[in-house]
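Throughout, the working numbering is defined as the position within the sequence shown, counted from one, plus 4. Glycine included, every Cβ here is placed at the ideal spot set by N, Cα and C. See below for the structure under consideration.
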Amino acid sequence: MINEEMISYIASLNRAKSKLVLEMEALARKENVPIMDELSLNAMVSILQAQQPKRILEVGTAIGYSAIRLAEALPSTTIITIERDEHRYEQAVAHIERAGLSDRIIPYLADAEDAVHLLTPYLPFDSIFIDAAKGKYQAFFEQFEPLLSDNGVILSDNILFRGLVAKQDLSMEPKRIQKLVAKIKHYNEWLSQHTEFYTSIIPIGDGIACSTRIKREDYDNKSK
């Protein structure tokens, strides 16, 4: 079990963060903007560094924190990122420009449900990172999965949702949270049964689901 003491120890081993990244973290705390925690981000970076994707699609830009951290760690990767909130989008654009990454991080102000036509010039994506409305994860997966390359990976953040997905009794939680937990649990179960993807749930931070496309020959052998 990873406790706060262990998290602090691991954090002490991380490389120093840039002034901009520290400012973004402070902004996220001040404005209550959810950003990816350090343990989850490091795990995702390790997965992506092994994969070396040419193009990543990020669903949910927020203030641009994850996109910038990924671009810094993956110097040969282009990141296309979608955000529907205009204020957050403008913040992200400013941060991306300050980071000097405008040539490799391309943000769009759009609802994810309506964004497919914007993405055509960048196809296919080697990785897709879903970190937007938690109740719509399955819809996002189904919508963007056709844009994924044959050996692609889809990463979903927050799929353990503060550990609430494992709790039997949620009666003390607000109804809104109960409904959201039910949707995330359904998504996790749906992923685990998907016939075209193999999903591993990584219990780091708030939980990451790593879904890799099953090669057609592997799927045919599995079906026999």
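Would I72 and A103 be called neighbours here (beta carbons separated by less than 8 Å)?
The sequence position of residue 72 within the sequence shown is 68, counting from 1. The sequence position of residue 103 within the sequence shown is 99, counting from 1. A contact, by the Cβ cut-off of 8 Å.
Cβ neighbours of L184 in the same chain (closer than 8 Å, five flanking residues each side left out)
Position 180 of the sequence shown holds residue 184. Within the same chain, L184 has close Cβ partners K138, G139, F165.
Less than 8 Å between the CB atoms is what I'm expecting for R59 and I84, so what's the real figure, rounded?
Indexing the sequence shown from 1 puts residue 59 at position 55. Indexing the sequence shown from 1 puts residue 84 at position 80. Indeed, because the Cβ distance is near 7 Å, the residues count as touching under 8 Å.
If you drop the 5 nearest sequence neighbours on each side, which residues of the same chain put their C-beta closer than 8 Å to that of L151?
Against the sequence shown, residue 151 aligns to sequence position 147. Hits under 8 Å: L61, V120, L123, L127, P128, F129, I132.
Three or more C-beta pairs below 8 Å linking the stretch 33-51 and the stretch 65-79:
With a cut-off of 8 Å on Cβ pairs, the stretch 33-51 is in contact with the stretch 65-79, counting three or more such pairs.
Indicate the three-state DSSP secondary structure (helix, strand or coil) for V169 in the structure shown.
As a working note, residue 169 is residue 165 in the sequence shown. Of the three classes helix, strand and coil, the one that applies to V169 here is helix, per DSSP.
What does a CB cutoff of less than 8 Å around P207 pick up in its chain, not counting 5 residues either side in sequence?
Position 203 of the sequence shown, counted from the first residue, corresponds to residue 207. Closer than 8 Å at Cβ, skipping near neighbours: L164.
Grouping DSSP H, G and I as helix and E and B as strand, with all else coil, what is R59?
Sequence index remark: in the sequence shown, residue 59 carries index 55 (1-based). DSSP places R59 in strand when its eight states are reduced to three.
Residues of its chain near V248, where Cβ-Cβ distance is below 6 Å and the 5 sequence neighbours each way are ignored
Outside the modelled stretch of the chain, which goes from 5 to 228, sits residue 248, for which no answer is possible.
Let me know the secondary structure DSSP gives S22 once reduced to three states.
Numbered from 1 along the sequence shown, position 18 holds the residue referred to as residue 22. Correct three-state label for S22: coil.
Check for me: the beta strand (DSSP E) holding A137 runs from which residue to which?
By one-based count along the sequence shown, residue 137 stands at place 133. Taken as a continuous stretch (DSSP letters only), A137 belongs to no beta strand (DSSP E), as it is neither H nor E.
Using DSSP with H/G/I as helix, E/B as strand and the rest coil, what is D41?
Position 37 of the sequence shown holds residue 41. Coil.
Taking buried to mean at least 16 other C-beta atoms within 10 Å of its own C-beta, is T199 buried or exposed?
Here residue 199 refers to the residue found at position 195 of the sequence shown. Flag for T199 reads exposed.
Count the other CB atoms within 10 Å of the CB of A213; is the residue buried (16 or more) or exposed (fewer)?
Taking the first residue of the sequence shown as position 1, residue 213 is located at position 209. Per the 10 Å Cβ criterion, buried.
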